[in-house]
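S.K.:
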Amino acid sequence: KPKTGKLIEGSFAWLLKQYLNSVNWYSLAKDTKKQRELILMKVCDTIGNIPYRAIEKKHIIAGVERRKEMPAAAQNFLKALNGLFNWAIEQGLLESNPALGVKKPPLKNKDGLPIWIEADIEKYYQHWSLGTHERVWIDVLLYTGLRRGDAVRIGWKDVKDNIIHLKTEKSKYQTDVFLLILPELAETLKIGSIYL
Numbered sequence: 073k074p075k076t077g078k079l080i081e082g083s084f085a086w087l088l089k090q091y092l093n094s095v096n097w098y099s100l101a102k103d104t105k106k107q108r109e110l111i112l113m114k115v116c117d118t119i120g121n122i123p124y125r126a127i128e129k130k131h132i133i134a135g136v137e138r139r140k141e142m143p144a145a146a147q148n149f150l151k152a153l154n155g156l157f158n159w160a161i162e163q164g165l166l167e168s169n170p171a172l173g174v175k176k177p178p179l180k181n182k183d184g185l186p187i188w189i190e191a192d193i194e195k196y197y198q199h200w201s202l203g204t205h206e207r208v209w210i211d212v213l214l215y216t217g218l219r220r221g222d223a224v225r226i227g228w229k230d231v232k233d234n235i236i237h238l239k240t241e242k243s244k245y246q247t248d249v250f251l252l253i254l255p256e257l258a259e260t261l262k263i264g265s266i267y268l
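Number 165 in the numbering used here belongs to position 93 of the sequence shown; there are no gaps in the numbering.
Here it is as structure tokens:
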């Protein structure tokens, strides 16, 4: 949340506080809120006392430029600010969105990471033996098929009778998933220090 102390009405910090208490904010997925709050709080640390109406497109472009070495971070920066400013327009607090029309920087690797083949996994296994966090991590991914964002959230609290139960989160939607712990993963979890 914006730093405590007296908020100046009309400041960026004031606007952010209103947004973080809005229905729009609460309707976002938990992981989206976490990511965007980190971004917006960092911005607030820098410009919190500046009037939000003084923020112009050139300032947003400068923020994107500062993140040019990390295009995904620049894109997330834009998404977070667009969400805030679009909400402010809906509330009648702004006439226009200064982030609107700011070009997203292209991602460096549009094709994503190369798909691992069995030889890659074997090489990884040779480097990270049973019992290491890294080995547990890859086996959780391999033997559950979960997205990274869901895999990092599972823990022993989600396991009952050798079945993992979790609610996956993608966008605003949640899906109940039940996964049998396969023998290969069970072996890893017996030996490895698990942060599951």
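All C-beta atoms in this analysis are idealised placements derived from N, C-alpha and C, irrespective of residue type, glycine included.
Computed from a predicted model, the values in this text were never measured in an experiment.
Assign residue 76 to one of two classes, buried (16 or more other C-beta atoms within 10 Å of its C-beta) or exposed (fewer than that).
M.R.: Reading the sequence shown from its first residue, position 4 is the one you call residue 76. Residue placement at residue 76 is flagged as unreliable, the pLDDT there being 48, under the threshold of 50; the coordinate-derived value follows with that caveat. Flag for residue 76 reads exposed.
S.K.: In angstroms, rounded to a whole number, what distance separates the CA positions of residue 97 and residue 199?
M.R.: Here residue 97 refers to the residue found at position 25 when the sequence shown is read from its first residue. Here residue 199 refers to the residue found at position 127 when the sequence shown is read from its first residue. Their Cα atoms are separated by approximately 43 Å.
S.K.: Verify whether the separation of the beta carbon atoms of residue 112 and residue 152 is less than 8 Å.
M.R.: What you label residue 112 is simply residue 40 of the sequence shown in a count that begins at 1. What you label residue 152 is simply residue 80 of the sequence shown in a count that begins at 1. Taking 8 Å as the Cβ cut-off, residue 112 and residue 152 qualify as a contacting pair.
S.K.: Answer yes or no: do residue 208 and residue 135 have a C-beta to C-beta separation smaller than 8 Å?
M.R.: Start at 1 with the first residue of the sequence shown, and residue 208 comes out as number 136. Start at 1 with the first residue of the sequence shown, and residue 135 comes out as number 63. No.
S.K.: Does the Cβ-Cβ distance between residue 94 and residue 159 come in under 8 Å?
M.R.: Numbered from 1 along the sequence shown, position 22 holds the residue referred to as residue 94. Numbered from 1 along the sequence shown, position 87 holds the residue referred to as residue 159. Yes; because the gap between Cβ atoms is below 8 Å, this pair is in contact.
S.K.: Got a sec, what are the start and stop residues for the beta strand (DSSP E) residue 241 sits in?
M.R.: As a first step, residue 241 must be located in the sequence shown, where it is residue number 169. Segment 235-242, the beta strand (DSSP E) holding residue 241.
S.K.: Among 143, 80, 156 and 221, whose alpha-carbon lies nearest the alpha-carbon of residue 181?
M.R.: The sequence position of residue 181 within the sequence shown is 109, counting from 1. Nearest C-alpha to residue 181: 143.
S.K.: So the alpha helix (DSSP H) residue 163 belongs to, where does it begin and stop?
M.R.: Numbered from 1 along the sequence shown, position 91 holds the residue referred to as residue 163. First-last for residue 163: undefined, no H or E at that position.
S.K.: Mind checking residue 227: buried by the 16 CB within 10 Å criterion, or exposed?
M.R.: The residue you call residue 227 lines up with position 155 of the sequence shown. Counting Cβ neighbours within 10 Å, residue 227 comes out exposed, since fewer than 16 surround it.
S.K.: Tell me the residue span of the beta strand (DSSP E) that contains residue 249.
M.R.: Stepping through the sequence shown from its first residue, residue 249 is reached at position 177. Per DSSP, residue 249 belongs to the beta strand (DSSP E) from 245-252.
S.K.: How about residue 87 and residue 185: are their beta carbons less than 8 Å apart?
M.R.: Counting from 1 along the sequence shown, the entry for residue 87 is found at position 15. Counting from 1 along the sequence shown, the entry for residue 185 is found at position 113. In this structure, residue 185 does not lie closer than 8 Å to residue 87 by Cβ.
S.K.: Have a look at the DSSP bridge pairing and note the partners of residue 231.
M.R.: Locating residue 231 in the sequence shown gives position 159, counting from the first residue. Answer by DSSP bridge pairing, in chain order: 236.
S.K.: Going straight from the alpha carbon of residue 170 to that of residue 106, what length do you get?
M.R.: Walking along the sequence shown from the start, residue 170 turns up at place 98. Walking along the sequence shown from the start, residue 106 turns up at place 34. Distance between the alpha carbons of residue 170 and residue 106: 23 Å.
S.K.: What is the residue span of the alpha helix (DSSP H) that residue 216 lies within?
M.R.: Mapped onto the sequence shown, residue 216 falls at position 144. From DSSP, the alpha helix (DSSP H) with residue 216 extends over 205-216.
S.K.: When DSSP builds the beta bridges, which residues end up paired with residue 83?
M.R.: Your numbering for residue 83 matches position 11 in the sequence shown. For residue 83, the beta-bridge partners assigned by DSSP are 123.
S.K.: Starting from the C-beta of residue 155, find all residues in its chain whose C-beta is less than 7 Å away, skip the five residues before and the five after it, and write them out in chain order.
M.R.: If you number the sequence shown from 1, residue 155 lands on position 83. Take residue 155, set aside five residues on each side of it, and the residues of its chain with a beta-carbon closer than 7 Å to its own are 108, in chain order.
S.K.: Are the CB atoms of residue 236 and residue 216 nearer to each other than 8 Å?
M.R.: As a first step, residue 236 must be located in the sequence shown, where it is residue number 164. As a first step, residue 216 must be located in the sequence shown, where it is residue number 144. Yes. Within cutoff.
S.K.: DSSP three-state call for residue 141: helix, strand or coil?
M.R.: If you number the sequence shown from 1, residue 141 lands on position 69. In the structure shown, residue 141 sits in coil (DSSP, three-state: anything other than H, G, I, E or B).
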